[in-house]
DNA sequence: GCGACAG
DNA sequence: ATCTTGTCGC
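In my numbering, the protein residues as written are -8 to 210.
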């Protein structure tokens, strides 16, 4: 599939923040409710600055794998909270470009709107591809929230600077919640529905679990 | 000012 | 993210 060009690539944190501030205006917070092909994305790190990006596309109806891509690369930016996306973006974009099918939804490992400048990895990938995208975080980042109820499907809003930016969502009974937020072209209700639907058995959505496995065991 | 801080 | 043992459960 076609993905918008990344350049110019930032060198400093100020430049990276400026990229986020510029692209933030392109995020759309409404979109489709139904998705036929869902892609899970993840990156595995080796040693100092080597990484493998993986994308797994699955049929949302059957959960069968439609296509898998891995790309080896290098860390593209130092880790700075809030600028995490710049580490993995080039490898993930290359993996998406190598897909022969176009997914209808990107399920990203990290945050979207629930981010210091409202533009996490899921927003960035959504804007560059033009595709609906959502983010799933495993640990709290920005904002505050009450603990969600204990049942699968229970959730609590994440509030940051007076706005609801995501939800702490319980995907399995009495299991630590995940932190979901909008990336691009999707509502928060649809994010919640999709993450629940895609995580029928485990804490994390299946597309992310499969991408994680593939990134660790390419071939 | 100091600490905390997605992966 | 990654460095790591044993342990609990399907």
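Beta carbons are placed, not taken as given, at the ideal position from N, Cα and C, and that holds for glycine. Only a predicted model underlies this, so the values are computations on that prediction, with no experimental measurement involved.
Beta-carbon proximity of residue i to residue j, cut-off 7 Å
| i | j | result |
| --- | --- | --- |
| residue 103 | residue 174 | yes |
| residue 158 | residue 145 | no |
| residue 33 | residue 199 | yes |
| residue 177 | residue 125 | yes |
| residue 61 | residue 45 | yes |
| residue -8 | residue 90 | yes |
| residue 207 | residue 35 | yes |
| residue 87 | residue 66 | no |
| residue -5 | residue 108 | no |
| residue 7 | residue 75 | no |
| residue 218 | residue 82 | The chain is shown from -8 up to 210; residue 218 falls before or after that span and cannot be answered. |
| residue 187 | residue 47 | no |
| residue 148 | residue 22 | no |
| residue 238 | residue 190 | For residue 238 there is no data in the structure shown, the boundaries of the chain being -8 and 210. |
| residue 26 | residue 96 | yes |
| residue 24 | residue 183 | no |
| residue 71 | residue 3 | no |
| residue 155 | residue 135 | no |
| residue 133 | residue 105 | yes |
| residue 92 | residue 58 | yes |
| residue 143 | residue 164 | yes |
Host beta strand (DSSP E) of residue i (start-end)
| i | result |
| --- | --- |
| residue 157 | 154 to 160 |
Bridge-paired residues (DSSP) for residue i
| i | result |
| --- | --- |
| residue 65 | 41 |
| residue 30 | 48 and 97 |
| residue 79 | None; residue 79 has no bridge partner. |
| residue 35 | 43 |
| residue 56 | 49 |
Cβ-Cβ separation, residue j to residue i (assumed contact under 8 Å), whole Å
| i | j | result |
| --- | --- | --- |
| residue 141 | residue 168 | That belief does not hold up - the Cβ atoms of residue 141 and residue 168 are roughly 10 Å apart, past 8 Å. |
| residue 118 | residue 14 | 5 Å |
| residue 131 | residue 170 | 6 Å |
| residue 84 | residue -3 | 6 Å |
| residue 197 | residue 54 | 6 Å |
Opening and closing residue of the alpha helix (DSSP H) in which residue i lies
| i | result |
| --- | --- |
| residue 13 | 4 to 14 |
| residue 111 | Counting along the chain, residue 111 falls outside any alpha helix (DSSP H), and DSSP gives it neither H nor E. |
The ligand COA heavy atom lying under 6 Å from the CB of residue i
| i | result |
| --- | --- |
| residue 156 | Absence of the ligand COA is noted for the structure shown, with no ligands found whatsoever. |
inquiry  = In chain order, what are the residue ranges of uninterrupted alpha helix (DSSP H) at least 4 long that sit wholly in the stretch 125 to 208?
reply    = Those alpha helix (DSSP H) runs which fall completely within the stretch 125 to 208 and span 4+ residues are 179 to 189 and 197 to 207.
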